[in-house]
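Participant: All residue numbers for the sequence shown refer to the numbering used here, where the first residue is 12 and numbers rise by one. Have a look at this one.
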Amino acid sequence: MKIKALTFLIIFTAIFSCKNHDQKLNTAIKIDKKPNIIFLFSDDQSFKDVHALGNKEIRTPTMDKLAEQGVTLTHAFNMGGWNGAVCVASRAMLISGRSIWRAEQVSKQFAKNVDLDKTWPRLMQSAGYETYMTGKWHVQAKADSIFNHVGHVLRGMPHDTPEGYNRPKNVKDTLWKPWKKEFGGYWEGGKHWSVLVKDDALSFINSAAQKNKPFFMYIAFNAPHDPRQSPKKYVDMYPLEDISLPKSFIPENPYAEIMGAGKKLRDERLAPFPRTEYAVKVNRQEYYAITTHLDDQIAEILNALEEKGLKGNTYIFFTSDHGLAVGEHGLMGKQNMYDHSMRVPLMVVGPNIPKGKKIDANVYLQDIMASVLELAGVQKPEYVEFNSFMGLINGEKNKSNYDAIYGTYKREAQRMIRKDNFKLIIYPKSHTTLLFDLKKDPLELDDLSSYSKYAKKIKFLFKELITKQQEMGDDLILDPIDYNI
12 MKIKALTFLI
22 IFTAIFSCKN
32 HDQKLNTAIK
42 IDKKPNIIFL
52 FSDDQSFKDV
62 HALGNKEIRT
72 PTMDKLAEQG
82 VTLTHAFNMG
92 GWNGAVCVAS
102 RAMLISGRSI
112 WRAEQVSKQF
122 AKNVDLDKTW
132 PRLMQSAGYE
142 TYMTGKWHVQ
152 AKADSIFNHV
162 GHVLRGMPHD
172 TPEGYNRPKN
182 VKDTLWKPWK
192 KEFGGYWEGG
202 KHWSVLVKDD
212 ALSFINSAAQ
222 KNKPFFMYIA
232 FNAPHDPRQS
242 PKKYVDMYPL
252 EDISLPKSFI
262 PENPYAEIMG
272 AGKKLRDERL
282 APFPRTEYAV
292 KVNRQEYYAI
302 TTHLDDQIAE
312 ILNALEEKGL
322 KGNTYIFFTS
332 DHGLAVGEHG
342 LMGKQNMYDH
352 SMRVPLMVVG
362 PNIPKGKKID
372 ANVYLQDIMA
382 SVLELAGVQK
392 PEYVEFNSFM
402 GLINGEKNKS
412 NYDAIYGTYK
422 REAQRMIRKD
432 NFKLIIYPKS
442 HTTLLFDLKK
452 DPLELDDLSS
462 YSKYAKKIKF
472 LFKELITKQQ
482 EMGDDLILDP
492 IDYNI
C-alpha cells in the first residue's frame with residue numbers, strides 16, 4: 012500500500028507540475044503574443060484641426076485622448092502629390108513604402124497585380140497577421156487582392172455635389188446645408204460614410220475578439236474631406252460668431268495660378284473668388300463639424316476595443332493623408348507647400364508607449380508603415396524608404412529621422428525643402444522663390460526671399476533641395492541661374 016500510495020503521489024505531482032508548467036507557458040504565450048495594430052486614417056485633416064494640438068475652437072475629445080494616452084509626433088509631413096488628388100500619392104507611398112516619384116511608378120505595377128507581395132498588408136500577412144481594410148482606398152491595387160478581409164471600399168470622395176461649390180456667396184446663400192440629405196454626398200444610402208466605416212470596423216473587432224490571432228486593421232475615413240457634411244447638431248456646436256478668421260487670411264493668393272492651385276482646381280472652387288471672411292468662416296465651421304462627427308465615430312471604435320479586452324495588446328496609429336488650407340493664404344485646398352496643407356496630426360498609443368509625450372522631430376506620416384513592421388517583427392525590406400520612428404518614441408534617438416523634409420506638387424508646379432527651421436518654396440514655372448523663418452514665423456506670413464541678408468541661406472537650401480531631388484528620383488532640373496541664386 013505504501014508503494015502504491017507513493018507511486019500515486021509521484022504521478023499526481025508530475026501531472027500537477029505539467030499542468031502548472033502549461034499554465035505558465037500559456038501565460039507566457041499571451042504576454043509574448045504579437046500585438047494587434049489599428050491604423051486610423053482621416054482625410055484632409057490638418058494638424059491645426061485638433062484641439063490638443065493648439066486649436067481651442069474645435070472639439071476633438073477622442074483625438075485629444077489619444078494624445079493624452081500616447082505619443083504625438085508634432086511635425087509629421089506628407090511629401091505632396093503628383094496630381095491634384097494629393098491623397099493618391101500619400102496613400103501610394105504608405106502602402107508601397109516608396110518615396111513619391113518611385114511610388115508613382117510602383118503604383119502602375121500594382122494596377123497590373125505585379126509586386127503585390129511588397130505591399131504593407133501583404134508584409135503583415137507574412138508575419139501571421141489577419142488583415143482588414145474598410146473605407147477610402149484610392150490605391151491602384153485592388154483592396155481585396157492584398158487584404159484578407161475587406162469591408163466597404165469607398166471612392167476618393169462622393170460623387171460631386173454641385174450645390175456644395177462656390178459658396179456661400181453671402182448670408183442669404185442657404186441652399187446648401189451640411190445636414191441636408193437630398194444632395195447626396197456622404198449621405199448617399201442614408202448612412203453617413205463615417206458611420207458606415209465605423210460600423211464596418213466594429214463588426215471586424217467583434218469577430219477578431221473570438222480568435223487567437225493578431226490582426227492589422229486599416230480604417231480609412233473620408234472625413235473631413237469635402238463635401239463637409241454632418242448632422243445638424245454638430246454644426247450647431249460651432250456658432251459662426253465663435254469661428255476665428257485665420258491670421259494668414261487673404262482674399263487671393265498671388266501665386267495661385269503659377270503654383271497650380273488656381274481657379275480651375277476643384278478644391279479651390281469650393282468657395283467664391285475672391286475669398287470673403289464670411290465664406291471662409293462658414294467653410295471652417297463645417298470643417299470643424301465634420302471633424303467632431305468623425306471624432307465620435309473613432310470613440311466608438313476605441314470603446315469596442317476596451318469592451319472586448321483587446322486594448323491592452325493593441326497599438327493604435329492615428330494620422331491623416333495630408334492637411335488643408337480652408338481659407339489660409341487665400342487657398343481652400345491642399346495643393347500647396349504651406350504647413351497647414353503638408354503637416355498632419357500623428358498619435359501613437361499602445362503597450363509601453365509613453366503617455367502625454369510630444370516629439371517635435373521631423374517625420375513623414377508614411378513612417379507609420381515602417382514603425383508597424385517593426386512592431387510586428389517584420390524586417391524592413393530594402394525597398395522601403397521610410398523609417399520607423401519607434402526609436403524616437405522609446406527615447407533611443409534624440410534626433411530627427413530626416414535631416415530635411417522634401418515637398419513637391421506635380422512635375423513642374425512646386426518644390427520645397429524644410430531644414431533647420433527654414434522653408435524654401437520654389438515655383439518653377441515663374442522661377443519664384445519664397446523663404447520663411449519657421450521659428451520666428453510659424454504661420455508663414457513673412458516672405459524673406461527679397462532680403463539680401465538671406466541670400467546665403469537661399470543658396471544653401473537650394474543646393475540641399477537639389478540633393479533631395481536626386482535622392483527622391485525627382486527629374487525636374489532646377490538651375491540656380493534661373494532664380495538669380
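Ideal Cβ placement from N, Cα and C applies to all residues, glycine included.
Go ahead and label residue 41 buried or exposed: buried means 16 or more other beta carbons lie within 10 angstroms of its beta carbon, across all protein chains shown.
Facilitator: Residue numbering aside, residue 41 sits at position 30 when the sequence shown is read from its first letter. Since pLDDT at residue 41 reaches only 39, below the 50 mark, its modelled position is unreliable, and the value read off the structure follows with that caveat. By the 10 Å Cβ count, residue 41 comes out exposed.
Participant: Under 8 Å by Cβ, that's how I've got residue 146 and residue 165 pegged, so tell me the actual separation to the nearest angstrom.
Facilitator: Residue 146 sits at position 135 when you count from the first residue of the sequence shown. Residue 165 sits at position 154 when you count from the first residue of the sequence shown. About 6 Å; that satisfies the 8 Å criterion.
Participant: Kindly indicate which three-state DSSP category residue 324 falls into: helix, strand or coil?
Facilitator: On the sequence shown, residue 324 is found 313 positions in, with the first residue counted as 1. It is helical.
Participant: Measuring only the C-alpha atoms, how far is residue 490 from residue 463?
Facilitator: Translated into positions along the sequence shown, residue 490 becomes position 479. Translated into positions along the sequence shown, residue 463 becomes position 452. Distance between the alpha carbons of residue 490 and residue 463: 20 Å.
Participant: Counting along the chain, where does the beta strand (DSSP E) carrying residue 162 start and finish?
Facilitator: Locating residue 162 in the sequence shown gives position 151, counting from the first residue. 160-165 is the extent of the beta strand (DSSP E) around residue 162.
Participant: For my contact list, residue 378 and residue 85 are in at a C-beta cut-off of 8 Å; report their separation, rounded to the angstrom.
Facilitator: For this step, residue 378 is matched to residue 367 along the sequence shown. For this step, residue 85 is matched to residue 74 along the sequence shown. Contact doesn't hold; Cβ gap of about 14 Å is too wide.
Participant: Taking Cβ positions, are residue 161 and residue 308 nearer each other than 8 Å?
Facilitator: What you label residue 161 is simply residue 150 of the sequence shown in a count that begins at 1. What you label residue 308 is simply residue 297 of the sequence shown in a count that begins at 1. No, they are not a contact pair.
Participant: Is the number of C-beta pairs between the segment 204-219 and the segment 124-131 that are closer than 8 Å three or more?
Facilitator: They do not touch, by the three-pair rule.
Participant: Can you tell me which of the three DSSP states residue 380 falls into?
Facilitator: The residue you call residue 380 lines up with position 369 of the sequence shown. Helix, per DSSP.
Participant: Tell me whether residue 264 is buried or exposed, calling it buried when 16 or more other Cβ atoms sit within 10 Å of its Cβ.
Facilitator: Counted from its first residue, the sequence shown places residue 264 at position 253. With 16 or more other Cβ atoms within 10 Å, it is buried.
Participant: Taking the alpha carbon of residue 382 as the reference point, which residue from 362, 365, 348, 328 has its own alpha carbon closest?
Facilitator: Stepping through the sequence shown from its first residue, residue 382 is reached at position 371. Closest option to residue 382, Cα to Cα, is 328.
Participant: Since residue 91 sits in a beta bridge, which residues does DSSP pair it with?
Facilitator: Mapped onto the sequence shown, residue 91 falls at position 80. Answer by DSSP bridge pairing, in chain order: 419.
Participant: Does the separation of the CB atoms of residue 443 and residue 469 fall below 8 Å?
Facilitator: Counted from its first residue, the sequence shown places residue 443 at position 432. Counted from its first residue, the sequence shown places residue 469 at position 458. Result no, Cβ atoms of residue 443 and residue 469 do not sit closer than 8 Å.
Participant: Going by alpha carbons, who is nearest to residue 302 out of 58, 131, 50?
Facilitator: Along the sequence shown, one-based indexing puts residue 302 at 291. Checking every option, the nearest Cα to that of residue 302 belongs to 58.
Participant: Which class does residue 468 belong to by DSSP, given the choice of helix, strand or coil?
Facilitator: Along the sequence shown, one-based indexing puts residue 468 at 457. DSSP places residue 468 in helix when its eight states are reduced to three.
Participant: Grab me the residues of residue 52's own chain with a C-beta within less than 6 Å of its C-beta, minus the 5 sequence neighbours each way, in chain order.
Facilitator: One-based indexing of the sequence shown puts residue 52 at position 41. Here the set comprises 231.
Participant: Could you give the distance in angstroms between the alpha-carbon of residue 369 and the alpha-carbon of residue 357?
Facilitator: Position 358 of the sequence shown holds residue 369. Position 346 of the sequence shown holds residue 357. For residue 369 and residue 357, the distance between alpha carbons rounds to 10 Å.
Participant: When the Cα atoms are used, what is the spatial distance from residue 111 to residue 203?
Facilitator: By one-based count along the sequence shown, residue 111 stands at place 100. By one-based count along the sequence shown, residue 203 stands at place 192. Near 32 Å, if we compare the C-alpha coordinates of residue 203 and residue 111.
Participant: Below 8 Å on the Cβ atoms is my guess for residue 352 versus residue 300; work out the distance and round it to an integer in Å.
Facilitator: Looking up residue 352 in the sequence shown gives position 341. Looking up residue 300 in the sequence shown gives position 289. So it is not a contact: roughly 20 Å between Cβ atoms.
Participant: Using 8 Å as the threshold, is the C-beta distance between residue 238 and residue 167 below it?
Facilitator: Residue 238 sits at position 227 when you count from the first residue of the sequence shown. Residue 167 sits at position 156 when you count from the first residue of the sequence shown. Cβ atoms of residue 238 and residue 167: not closer than 8 Å.
Participant: Would you kindly report the start and end of the unbroken alpha helix (DSSP H) that includes residue 210?
Facilitator: Start at 1 with the first residue of the sequence shown, and residue 210 comes out as number 199. Unbroken alpha helix (DSSP H) run through residue 210: 204-219.
Participant: Does the Cβ-Cβ distance between residue 473 and residue 488 come in under 8 Å?
Facilitator: Your numbering for residue 473 matches position 462 in the sequence shown. Your numbering for residue 488 matches position 477 in the sequence shown. It is not a contact, given that the beta carbons lie outside the stated cut-off.
Participant: Could you say which of 492, 422, 280 lies nearest to residue 480 if we only look at CA atoms?
Facilitator: Reading the sequence shown from its first residue, position 469 is the one you call residue 480. The residue with the shortest Cα to Cα distance from residue 480 is 422.
Participant: Within 10 angstroms of its Cβ, does residue 271 collect 16 or more other Cβ (buried), or is it exposed?
Facilitator: The sequence position of residue 271 within the sequence shown is 260, counting from 1. Under this definition residue 271 is a buried residue.
Participant: Look at the alpha carbon of residue 229 and the alpha carbon of residue 386, and state the distance between them as a whole number of angstroms.
Facilitator: For the purposes of this step, residue 229 is taken as the residue at position 218 of the sequence shown. For the purposes of this step, residue 386 is taken as the residue at position 375 of the sequence shown. C-alpha separation (whole angstroms): 16 Å.
Participant: Could you pull out every residue in the same chain whose Cβ sits closer than 7 Å to the Cβ of residue 25, ignoring the five residues on either side in sequence?
Facilitator: As a first step, residue 25 must be located in the sequence shown, where it is residue number 14. Model confidence at residue 25 stands at a pLDDT of 41, short of 50, so the residue's coordinates are unreliable; what they give is reported in the following sentence. Same-chain partners within the cutoff: there are none.
Participant: Is the beta carbon of residue 554 less than 8 Å from the beta carbon of residue 269?
Facilitator: Because the chain is modelled from 12 through 496, residue 554 falls outside the range shown and cannot be assessed.
Participant: If you check the beta carbons only, do residue 55 and residue 450 fall under 8 Å apart?
Facilitator: If you number the sequence shown from 1, residue 55 lands on position 44. If you number the sequence shown from 1, residue 450 lands on position 439. In this structure, residue 450 does not lie closer than 8 Å to residue 55 by Cβ.
Participant: Going by DSSP, what residues sit across from residue 49 in a beta bridge?
Facilitator: By one-based count along the sequence shown, residue 49 stands at place 38. The partner list for residue 49 (beta bridge, DSSP) reads 228, 327.
Participant: Among 276, 304, 326, 335, which one has its Cα closest to the Cα of residue 227?
Facilitator: Along the sequence shown, read from residue 1 onward, the residue named residue 227 stands at position 216. Looking at the Cα atoms, 326 is the closest of the given residues.
Participant: From 92, 234, 88, pick the residue whose C-alpha is nearest to that of residue 542; which is it?
Facilitator: Shown here, the chain extends from 12 to 496; a query on residue 542 therefore has no answer.
Participant: Is DSSP giving residue 490 helix, strand or coil here?
Facilitator: The residue given as residue 490 occupies position 479 in the sequence shown. Note: residue 490 maps to coil in three-state DSSP.
Participant: Following the continuous alpha helix (DSSP H) through residue 438, name the residue where it begins and the one where it ends.
Facilitator: Translated into positions along the sequence shown, residue 438 becomes position 427. From DSSP, residue 438 is part of no alpha helix (DSSP H) but of the beta strand (DSSP E) over 433-438.
Participant: Which residues does DSSP list as the beta-bridge partners of residue 146?
Facilitator: For the purposes of this step, residue 146 is identified with residue 135 of the sequence shown, where counting begins at 1. Looking at the DSSP assignment, residue 146 forms a beta bridge with 164, 231.
Participant: Considering only C-alpha positions, which residue in the set 415, 293, 80, 219 is nearest to residue 315?
Facilitator: Numbered from its first residue, the sequence shown carries residue 315 at position 304. Among 415, 293, 80, 219, the Cα nearest to that of residue 315 is on 219.
Participant: Taking C-beta to C-beta, are residue 63 and residue 78 nearer than 8 Å?
Facilitator: Counting from 1 along the sequence shown, the entry for residue 63 is found at position 52. Counting from 1 along the sequence shown, the entry for residue 78 is found at position 67. Cβ distance < 8 Å, so residue 63 and residue 78 count as in contact.
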